[in-house]
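Here the structure is laid out as structure tokens; the discussion comes afterwards.
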Amino acid sequence: MAELKQFVFFDFEMLCSDKGMPFEEMEAIRLGAVKYDLETEKIEFFDRYIKPINTLPLSPFCKRLTGIKDTDLENAECFTEVIHAFLAWVNGIKKSRFFSWSTNDLTRLKHDLTKNQLPPSIYKKMAERYVDFQAVFTKRVSKSPYSVENALRLFDLQFIGDPHNPMYDAYNTFRIYQAFSIDKQQADLVMLSQFILDSENIPADPKGINSLLKKMVKNDINSLILEYKEFTNLKEGSKYIKRVKNIVNKYENIVINRSGLFSLDIRHDINLIIKWYQQLLISYEEHFNYSSRIIIWDEHTMKDFKRITAI
């Protein structure tokens with residue numbers, strides 16, 4: 000595989016209606032993108048209107064939402080011409096990584112390539128190098144899906160440019176990526192406020208944060224011990240696994256420790272919960288596959304839990 004040289008953030012504006020429209024019919028009407036050179040840190044921009052196959056007038060709703068007028072599309076290039084211009088601007092799919100804010104843009108690309116009878120290899124090559132950055136951000140920072148504008152606010156940033164201009168949507172997605180990648184401590188503090196603590200309850204210093212987390216993890220482990228039954232039926236076993244999974248989801252970013260903010264012993268305790276969850280899943284699947292009515296859990300990790308709560 001070619002050496003990674005650049006990031007490309009892209010966004011489509013699409014046909015839309017407040018009366019509803021199948022996604023397959025929501026053709027792209029504008030493509031915007033930002034290209035970031037990893038070596039020089041140079042940023043380049045791409046912005047083109049696209050004349051759709053469906054040439055009916057835009058709905059009033061679509062005009063208000065996108066800011067696009069019928070006259071913008073009358074003399075615009077077709078999808079085929081725009082996508083070839085975009086690929087020429089990218090100047091090398093294999094040296095690029097592609098990002099967008101949700102998979103809608105990649106799916107739109109796939110549909111419109113098919114609709115315009117273009118080679119599926121274009122989609123395949125981009126998809127192999129694609130990152131749904133909204134999904135990454137949701138998993139690592141925000142917990143629930145945020146709009147680009149609201150994700151920026153988590154880093155005290157304001158949207159630059161015109162909303163629903165796809166070039167600016169792409170550029171602001173890039174700005175979120177930069178904040179996420181560079182200001183890792185702020186990202187982890189936001190993560191704490193979204194997954195674990197109210198923002199006003201986060202201590203100002205790392206020692207205080209780790210002390211509070213230690214107590215919270217200990218309390219959650221203690222609750223798992225209290226709810227634990229060595230023998231249980233499949234239905235109750237499934238409920239217990241979901242309970243453990245919720246706690247894993249709550250704390251797993253602490254183990255990743257992108258900022259280096261979290262202590263080794265906190266991460267050790269959380270890793271025990273993750274290990275316990277993985278063992279529960281294996282045990283449950285084994286009992287389920289053998290049509291067992293009763294589950295007998297492994298006691299080993301539970302003994303480690305009890306040692307933690309005894310401290």
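Residue 70 in numbering that gives the first Met the number 0 sits at position 71 of the sequence shown, and the numbers go up by one each step.
Every residue, glycine too, gets a C-beta built ideally from N, C-alpha and C.
In this text the structure is predicted, and so the values were computed from the model without any measurement.
Asked: Which residues does DSSP pair with glutamine 5 in a beta bridge?; Found: Asp36 and Ser95
Asked: Report the rounded CA-to-CA distance for valine 33 versus phenylalanine 158, giving the unit in angstroms.; Found: 15 Å
Asked: Which residue spans inside the region 73 to 138 form an unbroken beta strand (DSSP E) run of at least 3?; Found: 95 to 99 and 129 to 131
Asked: Taking the alpha-carbon positions, what's the glutamate 26 to arginine 128 distance?; Found: 23 Å
Asked: Under the rule that 16 or more other beta-carbon atoms within 10 Å means buried, what is glutamate 12, buried or exposed?; Found: buried
Asked: Please classify threonine 70 as buried or exposed, where buried requires at least 16 neighbouring CB atoms within 10 angstroms.; Found: exposed
Asked: Please name the residue, chosen from Asp131, Lys41, Thr54 and Leu37, that lies closest to aspartate 10 on a Cα-to-Cα basis.; Found: Asp131
Asked: Taking isoleucine 67 as the reference, give the member of Lys50, Val81 and Glu80 with the closest Cα.; Found: Lys50
Asked: Check whether the Cβ of glutamate 148 sits closer than 6 Å to any heavy atom of the ligand NAP, and report yes or no.; Found: The ligand content of the structure shown is nil, which means the ligand NAP is not present either.
Asked: Taking the CB atoms as reference points, tell me whether phenylalanine 315 and threonine 231 lie closer together than 7 Å.; Found: The chain is shown from 0 up to 310; residue 315 falls before or after that span and cannot be answered.
Asked: Relative to the alpha-carbon of tyrosine 145, which residue among Asp46, Met166 and Gln193 has its alpha-carbon at the smallest distance?; Found: Gln193
Asked: Determine the burial state of asparagine 252: buried for a count of at least 16 other Cβ atoms within 10 Å of its Cβ, exposed for fewer.; Found: buried
Asked: Since methionine 301 contacts isoleucine 224 with CB under 8 Å, what's their CB separation in whole angstroms?; Found: 7 Å
Asked: Cβ atoms of glycine 31 and alanine 169: under 7 Å apart, would you say?; Found: yes
Asked: Out of Arg174, Glu226, His163 and Asp155, state which residue places its alpha-carbon closest to the alpha-carbon of leucine 188.; Found: Asp155
Asked: Can you tell which of His110, Glu2 and Leu72 has the C-alpha that lies nearest to the C-alpha of serine 95?; Found: Glu2
Asked: Which same chain residues, not among the five before or five after lysine 123, have their C-beta less than 6 Å away from its C-beta?; Found: none
Asked: Could you check which residue in Ile82, Asp268, Lys228 and Ile175 has the C-alpha nearest to that of methionine 215?; Found: Asp268
Asked: Flag this pair as touching only if the region 237 to 250 and the region 196 to 208 have three or more C-beta atom pairs under 8 Å; answer yes or no.; Found: no
Asked: Once you ignore the five residues that flank lysine 183 on each side, which residues in its own chain have a CB closer than 7 Å to its CB?; Found: Arg257 and Ser258
Asked: Quick check on asparagine 209: buried or exposed, where buried means 16 or more other Cβ atoms within 10 Å of its Cβ?; Found: buried
Asked: Over what stretch of residues does the alpha helix (DSSP H) that includes glutamate 285 continue unbroken?; Found: 263 to 288
Asked: Drop a sphere of 10 angstroms on the beta-carbon of phenylalanine 44, count the other beta-carbons inside from all chains shown, and report buried for 16 or more, exposed for fewer.; Found: exposed
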